[in-house]
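Those protein sequences? They're chains A and B, same order as listed.
In terms of the working numbering, the first sequence opens at residue 1 and continues consecutively.
In terms of the working numbering, the second sequence opens at residue 1001 and continues consecutively.
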Amino acid sequence: MSDPARESDDEAKARRGRNIALALGLVLFVVLVFVVTIVRLGASVTKQPF
Amino acid sequence: MAMSEALPNATPTKAKSGAAKAPARWQDFLLLLKPRVMSLVVFTGLTGLVCAGRWVHPFLAGIAILCIAVGAGASGALNMWYDADIDSKMRRTRGRPVPAGRVQGADALALGVVLSLFSVMLMGMALNWLAAGLLAFTIVFYAVVYTIWLKRWTAQNIVIGGLAGALPPVIGWAAASGSAPFNAWLLCAIIFMWTPPHFWALSLYTSEDYKKAGVPMMPLVAGPASTRKQILIYSLFFTPLCLTPCLTGLGGPLYLAVAAFGGLVFLLLAIRLYLSKAGDAGAQRNDDGLYDVRAGAKAARNLFAFSILYLTLLFAMLLVEHLMGIKPLELLR
Chain A
1 MSDPARESDD
11 EAKARRGRNI
21 ALALGLVLFV
31 VLVFVVTIVR
41 LGASVTKQPF
Chain B
1001 MAMSEALPNA
1011 TPTKAKSGAA
1021 KAPARWQDFL
1031 LLLKPRVMSL
1041 VVFTGLTGLV
1051 CAGRWVHPFL
1061 AGIAILCIAV
1071 GAGASGALNM
1081 WYDADIDSKM
1091 RRTRGRPVPA
1101 GRVQGADALA
1111 LGVVLSLFSV
1121 MLMGMALNWL
1131 AAGLLAFTIV
1141 FYAVVYTIWL
1151 KRWTAQNIVI
1161 GGLAGALPPV
1171 IGWAAASGSA
1181 PFNAWLLCAI
1191 IFMWTPPHFW
1201 ALSLYTSEDY
1211 KKAGVPMMPL
1221 VAGPASTRKQ
1231 ILIYSLFFTP
1241 LCLTPCLTGL
1251 GGPLYLAVAA
1261 FGGLVFLLLA
1271 IRLYLSKAGD
1281 AGAQRNDDGL
1291 YDVRAGAKAA
1301 RNLFAFSILY
1311 LTLLFAMLLV
1321 EHLMGIKPLE
1331 LLR
């Protein structure tokens, strides 16, 4: 792992790009799990014989 | 199964753990997922999901396809981690992120493991555990059985390993219906039988690359003449197999027309390849591109190119028929 204090402009730019991609991936994962929960929960709730 | 004795040993060493030379961009990690292979897997997986004929919430259907795609990508990353040493010896693969030194082997391994777990767990939670189990089996089969074991050991590597590429329609079917009936396995069998003629046709004019890397592809182990004969034999089984979905209530008239006409062309190309000298000395590929070959290897290139078109059309017809509600034929009933 390179030291952020000593990295070149190219390395810093690449690191920023990787961090943004990782952040977007994590946010997407959270959104997916949330929507899956709503969809599956919704289906179960509508089947309940109230 | 023949072991390759004449080939230099492909030892899984240095490149896997080698330090990265240039800073890795996020695009390099995307390349680890083999996007082109992913697109084919998505297409066949989607066909299985649609052919199952069960209503699935569109968002969950999207999740199923995403999981299949990410699972395939994870297999690709694991493959690139393990095969970095042989990838660095082949012209076609030496520019990949790990052998090129842009991504560390350990990072490729970590990405593959994390995405494998992500895709299997999400598939299980969102759809069902049969689909998740089949997805896990596919990833392990590709990464461990094919990549680590078969690829460097036997000329039957792509025959047995082809099962991993053939399973996505079954996963898609299971994701939609929670079961894997005969017709789902029929789709799997079609891709499985398609794989040997497809890859061996390619390897007939790219075997120099595999020789450098020490990968025992069929033309190097059994010779070009035997490979051409085996391609013909597989084609004789493969083309009638493509007609069987019309007997089992899966394929309709559009599918039948494409399967019959395309099957004839496939067989003719396989016979031409059998009669050709493709793979013999002087029939190798030029350096300009995958489809640019010398005169003697054109028959192999033609079968390779047509095999992609044929399989794509077969699955496209199934997709179109099921989406448009065209009734499948049931010639056995």
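Just so you know, even glycine gets a beta-carbon here, dropped at the ideal spot from N, CA and C.
Residue burial classification, S1088/B (beta-carbon count within 10 angstroms, cutoff 16): Classified as buried, S1088/B has 16 or more neighbouring CB atoms from the shown chains inside 10 Å of its CB.
Whole-angstrom C-beta distance between V1041/B and A1072/B, which should lie under 8 Å: Confirmed, about 4 Å.
Buried or exposed by the 16-neighbour rule on C-beta atoms within 10 Å, applied to M1324/B: It is exposed - the Cβ of M1324/B has fewer than 16 other Cβ atoms within 10 Å.
For T1248/B, the three-state DSSP class (helix, strand or coil): For T1248/B, the three-state secondary structure derived from DSSP is coil.
Exposed unless 16 or more other CB atoms sit within 10 angstroms - verdict on E1330/B: It counts as exposed.
The alpha helix (DSSP H) enclosing Q1156/B, as first and last residue numbers: Segment: none, Q1156/B is in no alpha helix (DSSP H) and carries neither H nor E.
Residue-chain proximity (P1328/B, chain A), Cβ-Cβ < 7 Å: Taking Cβ atoms only, chain A never reaches closer than 7 Å to P1328/B, which makes this a no.
Beta carbon proximity, P1023/B to chain A, threshold 7 Å: True, the Cβ-Cβ gap to chain A drops below 7 Å.
Test: R18/A CB closer than 7 Å to a CB of chain B: R18/A belongs to the set of residues whose beta carbon lies under 7 Å from a beta carbon in chain B.
Buried versus exposed call for K1034/B [16 or more other C-beta atoms within 10 Å across all chains shown]: Here K1034/B is buried. Its C-beta has 16 or more other C-beta atoms within 10 Å.
Straight-line gap, G1045/B to A1184/B (C-alpha atoms, nearest Å): One C-alpha to the other measures close to 10 Å.
Beta-carbon neighbours of A5/A, restricted to chain B and to distances below 8 Å: Simply none; closest approach about 15 Å.
For I1326/B, three-class secondary structure by DSSP: Of the three classes helix, strand and coil, the one that applies to I1326/B here is coil, per DSSP.
Whether L1232/B touches A1270/B by CB criterion (7 Å): Yes, the Cβ-Cβ distance between L1232/B and A1270/B is below 7 Å.
contact_flag[the stretch 1161 to 1175 of chain B, the stretch 1207 to 1216 of chain B] where n(CB pairs < 8 Å) is 3 or more: Contact fails: fewer than three Cβ-Cβ distances are below 8 Å.
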